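If you're matching positions, the sequence shown starts at 2 in our numbering and goes up one per residue. Before any comments, here is the structure.
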Amino acid sequence: MMQDAIPDYPFEQPNVLEPPREWAATRATCPVAHVRMPSGDVVGLLTGYEEIRGLLTDPRFSRNLAREGAARMSTTEDGGMFNRPSQGAADIKEGPGHRRWRRLLSRAFTVKKMEAWRPRVQEMADELVDAMVAKGAPADLRAALALPLPVRVICALLGAPSEDQDKFARWSETLLTLTRYTQAEVDDAQAEFRAYASDLVERKRARPGDDLLSELTQISDSQDGRLSHDELIATVVGLLLAGHETTSNMILKMTAMLLSERERYETVVADPGLVPGVVEEALRMDTLGGVGIPRFITEDTEVSGVPVGAGSTLFVNLHAANRDERKFPDPDRFDPRRENSAQHVAFGAGPHFCVGQTLARVELQVCLATFVSRLPELRLRDAPEDLRVREGISAGGFEDMWVTW
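Pasting the structure below:
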């Protein structure tokens, strides 16, 4: 369905903790709305829960945008992270190759294994909070905890040195550019990140340790076979990027949601048993989730009765879907006791459902439980409307977040 004027995307928000008005408007009137990406390309946008779940589980909708005719996302010549060729690891993007890769990787991310990490995550969180408290208020929560904690966790899991966290943060932000970085900066970051990952793979192959990457370099499964060197590099880059960037952002967004309406935080301080429900509701109510996930349409089809032609590109906004009143009654109300909160699609759906979602939940739960037990007086230093959003990159989050206690 075409509109009279095609709006720019991502949409502007009334404030950083409120969803754009267009989410509800497009859901109500237009199952497939047309929007203009920062690149200038026009794509179809989905904001409804059922439409998005259906698209993400439909094999006709391809994740591979490194092809002729696919819409570009960013202002860089390569079109952004979704359009970049996979440099030798294309077959793990989708289809049988992706299923093989998921089987190998998912063994490391079972609920049981991730729960076994909870004490280590707690230990790391306590160390960081100790240092933050010792230094005194105010503190930038991003620098003090939200960035270093997920980096330490994913580095420990993979067997990478966590002192390299500043490199991962810089490379990741550059690769996620919409409008902030040039193609030359993207190329340099990608080359440096890949070289780092390649060197790490070689070291683990030569001297394996007790970590995921060592395990992956040693696997020779009769059904799935080894991961190639390029596939291992892609895995390291993907896990280091996704394993810290999204969780780091979510720690801050969850904290902002709770502290901006302080009774929410005080409710959890009074009843720490609510922590898991609060985490799910924070994931569901996230308004800064980035641009969404694209799919390339491989054959003529339709979405909720709207024709979608082969060769077009659709974007799904997972966070708009999580505000769909048809799925979540009174969706703008924060309710840690909401019965179906965990049915949100913040981690995606279908064959590309986030492989690390169990680890992310453990980290978020540990962070929140640590805050309410150790920092019951935690407060935002600044007014919520003064929080600075990270502009020009595809993963939504804050530049910093100053807190007192």
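From the three backbone atoms N, C-alpha and C, an ideal C-beta is built for every residue, glycine too. Every value quoted in this text rests on a predicted model; they were computed, and no experiment measured them.
*Quick one: what's Phe-399 bridged to in DSSP?*
Val-390.
*Would you tell me roughly how many angstroms separate the C-alpha atoms of Lys-205 and Leu-214, rounded to the nearest one?*
7 Å
*Looking at the unbroken beta strand (DSSP E) that takes in Pro-295, where does it start and where does it end?*
294 to 298
*Using CA coordinates, which residue listed in Val-187, Thr-30 and Arg-28 is at the minimum distance from Asn-84?*
Val-187
*With DSSP run on the structure shown, which of helix, strand or coil describes His-35?*
strand
*For the candidate residues Ser-305, Met-251, Asp-165 and Ala-343, whose alpha-carbon lies nearest to that of Asp-401?*
Met-251
_Cut-off 6 Å between Cβ atoms - residues of its own chain near Asp-222, not counting five sequence neighbours on either side_ = Any answer about Asp-222 is weak, because its pLDDT of 45 lies below 50 and its placement is not dependable; what the coordinates show is given next. Contacts found: none.
*Tell whether a beta-carbon distance below 9 Å holds between Thr-77 and Tyr-182.*
yes
*Would you say Asp-141 and Trp-403 are within 9 Å of each other, going by their C-beta atoms?*
yes
*Quick one: is Arg-338 buried, meaning 16 or more other Cβ sit within 10 Å of its Cβ, or exposed?*
exposed
*When DSSP builds the beta bridges, which residues end up paired with Pro-308?*
Glu-303
*At what residue ranges does the segment 207 to 283 contain a whole run of the alpha helix (DSSP H), taking only runs of 4 or more?*
Within the segment 207 to 283, the complete alpha helix (DSSP H) runs of at least 4 residues are 213 to 219, 230 to 261 and 263 to 271.
*Who are the near neighbours of Ser-63 in its chain, counting only those whose CB is closer than 7 Å to its CB and skipping five residues on each side?*
The residues are Glu-95, Arg-296, Phe-297 and Thr-299.
*Can Ile-7 and Val-36 be called in contact, C-beta distance under 9 Å?*
yes
_As a quick exercise: from Arg-68, Asn-341 and Gly-291, pick the residue whose alpha carbon is nearest that of Gly-312._
For Gly-312, the nearest C-alpha among the options comes from Arg-68.
_Cα-Cα separation, His-320 to Trp-118_ = 28 Å
*beta strand (DSSP E) containing Val-44: first to last residue?*
Val-44 -> beta strand (DSSP E) spans 43 to 47.
*Could you give the distance in angstroms between the alpha-carbon of Pro-120 and the alpha-carbon of Asp-59?*
C-alpha of Pro-120 to C-alpha of Asp-59: approximately 38 Å in a straight line.
*Do you know offhand how far Val-154's Cα is from Leu-176's?*
The C-alpha of Val-154 lies about 21 Å from the C-alpha of Leu-176.
*Is Glu-282 closer than 9 Å to Asn-16 when the C-beta atoms are compared?*
Going by C-beta atoms, Asn-16 is not nearer than 9 Å to Glu-282.
*Between which two residues does the alpha helix (DSSP H) carrying Val-1 extend?*
Any question about residue 1 goes unanswered here, given that the chain covers just 2 to 406.
*Do you know offhand how far Thr-27's Cα is from Thr-48's?*
7 Å
*Quick one: residues in its chain with C-beta nearer than 7 Å to the C-beta of Thr-405, no 5 flanking neighbours on either side, listed in chain order?*
Ala-138, Pro-139, Arg-380 and Arg-382
*Under the assumption that Asn-323 contacts Ala-347 (Cβ atoms under 8 Å), give the Cβ distance between them as a whole number of angstroms.*
6 Å
*If you run the structure through DSSP and keep just helix, strand and coil, what is Leu-381?*
strand
*If I'm right that Val-44 touches Ala-72 with Cβ under 8 Å, what's the distance once you round it to whole angstroms?*
Val-44 to Ala-72, Cβ: 5 Å. Contact.
*Write down the C-beta distance between Arg-265 and Phe-335 rounded to the nearest angstrom, noting that I regard them as a contact closer than 8 Å.*
6 Å
*Hey, does Gln-184 have any beta-carbon neighbour from chain D nearer than 9 Å?*
Absence of chain D from the displayed structure is noted, only one protein chain being present.
*asked:* Tell me the residue span of the alpha helix (DSSP H) that contains Val-17.
replied: Premise fails: Val-17 is in no alpha helix (DSSP H) and is neither H nor E.
*asked:* Give me the residue from Glu-193, Asp-189 and Ala-198 with the minimum Cα distance to Cys-156.
replied: Ala-198
*Cβ shell of Ser-360 (< 6 Å), same chain only, five flanking positions each side left out*: Note on identity: in this sequence residue 360 is Leu, with Ser being the wrong assignment. Same-chain partners within the cutoff: Met-115.
_For Asp-167, three-class secondary structure by DSSP_ = helix
*Can you tell me the Cα-Cα spacing of Thr-371 and Leu-18, whole angstroms?*
23 Å
_Residue range of the unbroken alpha helix (DSSP H) whose run includes Ala-126_ = 119 to 136
*Which class does Phe-194 belong to by DSSP, given the choice of helix, strand or coil?*
In this structure, Phe-194 counts as helix in the three-state DSSP scheme.
*Measure the C-alpha to C-alpha separation of Leu-217 and Pro-273 and round it to an integer number of angstroms.*
37 Å
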